[in-house]
Each structure stands twice: as C-alpha cells, then as structure tokens.
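First comes the structure, then the notes that go with it.
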Amino acid sequence: MGWVCERLCTGVVAKMGIQISDDLNLYNLKVQHFTRIPDVSHADMKVGYGIVYIPNRYNFGSVDAVIVYKDMLGNFHFIGLQFTTSLDRHKHSEEQFMNVAVLEKWIPSILQQLQGWQLHYTFICMTSKDKVKCPSNIRQLKNGVCFGTVEHTLHVQSFADALGQHRVGNEVFQLLQEMTKKREEENADPKPSTEEFLSQCIFPVEYSSAAIKRVTGARLRSLASVSGKLNPDHYKTRDLLIDAMKSAGLLIVS
C-alpha cells in the first residue's frame, strides 16, 4: 500500500505539478528516475520549469522525491518531498534530509553555494500548516568538517491543497483520499476495549500532554471508578476530574 500511494502521488506531481505554498506553485516538471543520487548543482532549465527526481528504490529514506525548480525570477529551488499520513512518525525526516552531509550528495560544496539556492522540505500529509523558516544550525570541527542542518523552509501541505482535485480529476482524487485514510488506519496504534484497558491498568496511569487530550471522559471516569479512590460523579467537568486524579496520584501528565 505504501509503495502504491507514493508512486501514485509522485506520478501526479510529475504530470500535473504541485503547490508547495501560496507563492510556490510548480508546473512544467519532467521526470528523472535515479538509483544513484545525481549532482544537481549544474541543473540547466528554463524559467518556470523543473525536474522531479524519483528514486527507483522504494523506501529510499527521508524523501519520496526531490524537485529542482527554476522560478520566473531565475531563482533555483531544491525541494525534498515526503508523503505521509502520520506527520509525527516522519518528523525526523526533515532533519535527516536537510543535513549538510546529505545535501552535499545532491549539491556538492552546498555551504559555498547557498546564495544560489532556496532550500525547502515539504510534508504532504493530512492537514496544512503555515510554512516555517528554519535557521541554519551548522557546527565546524577542528579538522574543518561541518555538520548540522542548513537554513531552509519547512512546508506542511494537505493532499488536497498540494495535489488538488483540479489537478488530478475527481476519480483519482477520491482514490488518493481513500488510500491516505487507509494508511492512517493502518498506522494508528491499536485501541484496546475499555474492559481490557482497565484490567491491565496499573496506577498511576501516565499520558503525554498531547495524548491526554484524546482520552475520552468516559474512560477517565472508568479509571477513577476502578481505582476505588475517587467517585467520578463528584466532578462536574472533565478538567476537574483530571485535576482530582492527579492529586490522588492516579494520573500523571508529562
């Protein structure tokens, strides 16, 4: 399923283009498949044109494709693409790909050529977010070797915004939506029944600040009840119950 989804998405990008952001809408892209990472530092193309580099190997690493594009002002853009239904699971891919050691395989001596390139990393996922400017975080060893991440712009675009229905047609767009939903379900952590959860429960129960927001009020009341320390009916709101459970040593929110 993953390979099919990625190949379908890269196929759409190659044929119909992709919207990276409001001011970076790419068309006129030709495809170049690769096994060995190509040197793109001397890319030769007309303004308003670009190349989509697609790896021959599935699960290539921190990107599913790379785009080199020359905008209407003559600026070159280097864009790593990652298609995913779970942004949290792949957040590390950005740091891995924007690392000097990786970028130099694509653009040798990248630190000396930064003025000629605008670097981007783009997640195509379930929702869109505002783009973020990520500053350089480069360190140099005594022997002169540099490591760390290069200045770039992070984009998070939904499938709908990046590969909109107007690009692919209704049938293909619906297929993309179905496939991404299927992958999201496959990647989701299994949810035990309330009975199974409570039978295995050891207090205190610990949740992250993000995870506690997804815990239902019904489950919290069940936890309080099975602990034997609190009567959940005494607390009118979910927040009051959470505070009481933390005070009673039943719940930790980290």
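Just so you know, numbering that gives the first Met the number 0 puts 234 at position 235 of the sequence shown, and the rest follows in order with no gaps.
Each residue gets a CB set at the ideal place from its N, CA and C atoms; glycine is no exception.
ask   = From what residue to what residue does the alpha helix (DSSP H) around L222 run?
value = Here the question's residue 222 lines up with position 223 in the sequence shown. From DSSP, the alpha helix (DSSP H) with L222 extends over 216 to 226.
Pairwise C-alpha distance: T121 and G16 = Within the sequence shown, numbered from 1, the residue matching residue 16 stands at position 17. Within the sequence shown, numbered from 1, the residue matching residue 121 stands at position 122. In a straight line, the C-alpha of G16 is about 14 angstroms away from that of T121.
query = So what does DSSP say about G79, is it helix, strand or coil?
reply = Here residue 79 is taken as the residue at index 80 of the sequence shown, counted from 1. G79: strand per DSSP, three-state reduction.
key: P107 (DSSP reduced to helix, strand or coil)   = As a first step, residue 107 must be located in the sequence shown, where it is residue number 108. Three-state DSSP puts P107 in coil, outside helix and strand.
Distance, L110 Cα to A255 Cα = What the structure shows of the chain is the stretch from 0 to 253, and residue 255 is not part of that stretch, so it cannot be assessed.
request  = Mind checking which residues open and close the beta strand (DSSP E) that includes Q112?
outcome  = If you number the sequence shown from 1, residue 112 lands on position 113. Here Q112 belongs to no beta strand (DSSP E), and DSSP marks it neither H nor E.
request  = Please work out which residues of its chain come closer than 7 angstroms, Cβ to Cβ, to D160, disregarding the five sequence neighbours upstream and downstream, and give them in chain order.
outcome  = For the purposes of this step, residue 160 is taken as the residue at position 161 of the sequence shown. Around D160, the same chain offers Q18, S127 as residues with beta carbons nearer than 7 angstroms, after the five sequence neighbours per side are excluded.
key: Residue range of the alpha helix (DSSP H) that includes L240   = The residue you call residue 240 lines up with position 241 of the sequence shown. Segment 237 to 246, the alpha helix (DSSP H) holding L240.
query = Using CA coordinates, which residue listed in S224, S221, M244, V62 is at the minimum distance from V101?
reply = As a first step, residue 101 must be located in the sequence shown, where it is residue number 102. Of S224, S221, M244, V62, the residue nearest in Cα terms is V62.
query = Would you call K69 buried or exposed, if buried means 16 or more other Cβ atoms sit within 10 Å of its Cβ?
reply = As a position in the sequence shown, residue 69 is number 70, starting the count at 1. It counts as buried.
key: CB contact flag (L113, H151, <7 angstroms)   = On the sequence shown, residue 113 is found 114 positions in, with the first residue counted as 1. On the sequence shown, residue 151 is found 152 positions in, with the first residue counted as 1. Result no, Cβ atoms of L113 and H151 do not sit closer than 7 angstroms.
request  = May I have the straight-line CA-CA distance separating D22 from L140, to the nearest angstrom?
outcome  = Numbered from 1 along the sequence shown, position 23 holds the residue referred to as residue 22. Numbered from 1 along the sequence shown, position 141 holds the residue referred to as residue 140. Near 37 angstroms, if we compare the C-alpha coordinates of L140 and D22.
task = Using DSSP bridges, identify the partner residues of Q18.
result = As a first step, residue 18 must be located in the sequence shown, where it is residue number 19. Answer is N24, bridged to Q18.
query = Within this structure, are the beta carbons of F77 and C8 separated by less than 7 angstroms?
reply = Here residue 77 refers to the residue found at position 78 of the sequence shown. Here residue 8 refers to the residue found at position 9 of the sequence shown. No, the pair does not count as a contact, with Cβ atoms beyond the cut-off.
CB-CB length for I50 against A42, believed under 8 angstroms = As a first step, residue 50 must be located in the sequence shown, where it is residue number 51. As a first step, residue 42 must be located in the sequence shown, where it is residue number 43. Going by Cβ atoms, the distance from I50 to A42 rounds to 7 angstroms, so yes, they are a contact pair.
Residues near I106 by beta carbon distance below 8 angstroms, same chain, minus five either side = The residue given as residue 106 occupies position 107 in the sequence shown. Beyond the five residues adjoining it in sequence on each side, I106 comes within less than 8 angstroms, by CB distance, of D38, V39, S40, F77, Q112, W116 in the same chain, given in chain order.
request  = Taking only the alpha-carbon atoms, compute the straight-line gap between P203 and G10 and give it to the nearest angstrom.
outcome  = Sequence index remark: in the sequence shown, residue 203 carries index 204 (1-based). Sequence index remark: in the sequence shown, residue 10 carries index 11 (1-based). Their Cα atoms are separated by approximately 49 angstroms.
ask   = Going by the CB atoms, is the gap between G73 and V30 shorter than 7 angstroms?
value = Here residue 30 is taken as the residue at index 31 of the sequence shown, counted from 1. Here residue 73 is taken as the residue at index 74 of the sequence shown, counted from 1. V30 is not a Cβ neighbour of G73, given a cutoff of 7 angstroms.
query = Between the C-alpha atoms of S135 and T84, what's the straight-line distance to the nearest angstrom?
reply = In the sequence shown, the residue the question calls residue 135 occupies position 136. In the sequence shown, the residue the question calls residue 84 occupies position 85. When rounded, the distance between both Cα atoms is 28 angstroms.
Collapsed DSSP secondary structure at R213 in the structure displayed = Working through the sequence shown from its first residue, we reach residue 213 at position 214. Three-state result, R213: helix.
Residue from M97, T34, K245 whose Cα sits closest to the Cα of K228 = Locating residue 228 in the sequence shown gives position 229, counting from the first residue. Residue K245 is the option with its Cα nearest to K228.
Proximity to T215 [Cα-Cα], best of R88, L153, L240 = The sequence position of residue 215 within the sequence shown is 216, counting from 1. The shortest Cα separation from T215 among R88, L153, L240 belongs to L240.
query = Going by other Cβ atoms of all chains shown within 10 Å of its Cβ, with 16 needed for buried, is Y234 buried or exposed?
reply = What you label residue 234 is simply residue 235 of the sequence shown in a count that begins at 1. Counting Cβ neighbours within 10 Å, Y234 comes out buried, since at least 16 surround it.
ask   = Would you call S208 buried or exposed, if buried means 16 or more other Cβ atoms sit within 10 Å of its Cβ?
value = Locating residue 208 in the sequence shown gives position 209, counting from the first residue. Exposed, by the Cβ-count rule.
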